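Novice: Numbering (our numbering), first residue to last: 2 to 226.
Note that the Cβ used here is the ideal one computed from N, Cα and C, for glycine as well.
Note that the structure is a prediction, hence the values are computed from the model and not measured.
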């Protein structure tokens with residue numbers, strides 16, 4: 002029987018989500034990726050809000066129905082999805098399939114919440130986040146004042162809503178060295194895979210060995226879909 006695992010890599014802008022996701026994709030078997038940023042609506046469909054800025058960091062800026070449909074396509078046939086996206090299936094792990102969802106509002110769209118086997122949330126402090134954002138180039142450049150006037154307030158808003166709704170996520174410190182963060186998450190996911198057929202709680206990273214592109218501590222029970 003195929004074992005399918007959907008892992009969310011969410012968090013604040015410029016927290017290292019994409020870097021972590023790309024590293025995990027290379028290390029995990031039969032692993033596909035869906036980036037939430039690929040589902041932004043056209044610029045002319047992004048409304049201007051009361052803060053005076055186009056609402057790029059609002060859930061309404063994303064075609065979440067299309068993203069959900071893409072996730073459902075993977076769930077219905079991960080092998081077909083992998084082949085269509087150029088992911089070579091590994092013969093030594095033919096029954097294990099992993100989908101990584103990466104984005105800044107993964108846990109704000111309720112229809113997606115039930116599909117996650119594991120949910121991670123990266124955070125970085127305000128000053129660090131603002132500095133990282135200032136060093137990035139975007140297809141649509143940030144207008145002056147966007148970070149303080151829109152990006153950070155919207156992050157705080159959705160984070161509060163996520164916490165109030167009781168979404169269980171594994172909090173990650175995005176200021177950690179990239180390699181340390183990668184090994185921490187890889188170890189946790191490996192434990193999830195090793196325990197796929199049993200109910201014991203997952204051990205922390207480093208306590209288990211095993212190998213494996215389209216607010217709770219490490220140690221909660223895994224769930225496969």
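I want to know whether the region 132-152 touches the region 6-21 - three or more CB-CB distances under 8 Å.
Specialist: yes
Novice: Which class does residue 53 belong to by DSSP, given the choice of helix, strand or coil?
Specialist: coil
Novice: Pop quiz: residue 112 and residue 5 are said to be a contact at Cβ under 8 Å. What is the actual Cβ separation, rounded to whole angstroms?
Specialist: About 17 Å; that fails the 8 Å criterion.
Novice: Determine which residues share a DSSP beta bridge with residue 119 and list them.
Specialist: 8
Novice: DSSP on residue 150, reduced to helix/strand/coil?
Specialist: helix
Novice: If you draw a straight line from the alpha carbon of residue 69 to that of residue 91, how long is it in whole angstroms?
Specialist: 26 Å
Novice: For residue 97, report the span of its beta strand (DSSP E) as first-last.
Specialist: 97-104
Novice: Could you work out which residue in 20, 98 and 10 is closest to residue 29 when comparing CA atoms only?
Specialist: Comparing Cα-Cα distances from residue 29 to each of 20, 98 and 10, the minimum goes to 98.
Novice: Suppose contacts are defined by Cβ-Cβ distances below 8 Å. Is residue 21 in contact with residue 10 by that definition?
Specialist: Their beta carbons are under 8 Å apart, which means residue 21 touches residue 10 by this criterion.
Novice: Does DSSP put residue 15 in a helix, in a strand, or in coil?
Specialist: coil
Novice: Could you please give me the residues that DSSP links to residue 33 through a beta bridge?
Specialist: 100
Novice: Tell me which residue opens and which closes the beta strand (DSSP E) that residue 172 is part of.
Specialist: 171-174
Novice: Based on the DSSP secondary-structure assignment, which residues constitute the bridge partners of residue 124?
Specialist: 174
Novice: Please classify residue 202: does DSSP put it in a helix, a strand, or coil?
Specialist: Low confidence applies to residue 202: its pLDDT is 31, below 50, so where it sits in the model is not reliable, and the reading given next is rough at best. Looking at residue 202 - three-state DSSP - the assignment turns out to be coil, as it is neither helix nor strand.
Novice: Counting pairs of Cβ atoms below 8 Å between the region 80-89 and the region 129-139, do you hit three or more?
Specialist: no
Novice: For residue 63, which of helix, strand or coil comes out of DSSP?
Specialist: Of the three classes helix, strand and coil, the one that applies to residue 63 here is strand, per DSSP.
Novice: Could you give the distance in angstroms between the alpha-carbon of residue 164 and the alpha-carbon of residue 130?
Specialist: 20 Å
Novice: Taking residue 192 as part of the alpha helix (DSSP H), name the residues at either end of that continuous run.
Specialist: 179-195
Novice: Can the beta-carbon of residue 18 be found less than 8 Å from the beta-carbon of residue 123?
Specialist: Result yes, Cβ atoms of residue 18 and residue 123 sit closer than 8 Å.
Novice: Measure the C-alpha to C-alpha separation of residue 203 and residue 121 and round it to an integer number of angstroms.
Specialist: With a pLDDT of only 29 at residue 203, under the threshold of 50, the placement of this residue in the model should not be trusted; the figure read from the coordinates follows. Roughly 15 Å between the two C-alpha positions.
Novice: Do residue 64 and residue 42 have their beta-carbon atoms positioned less than 8 Å apart in this structure?
Specialist: yes
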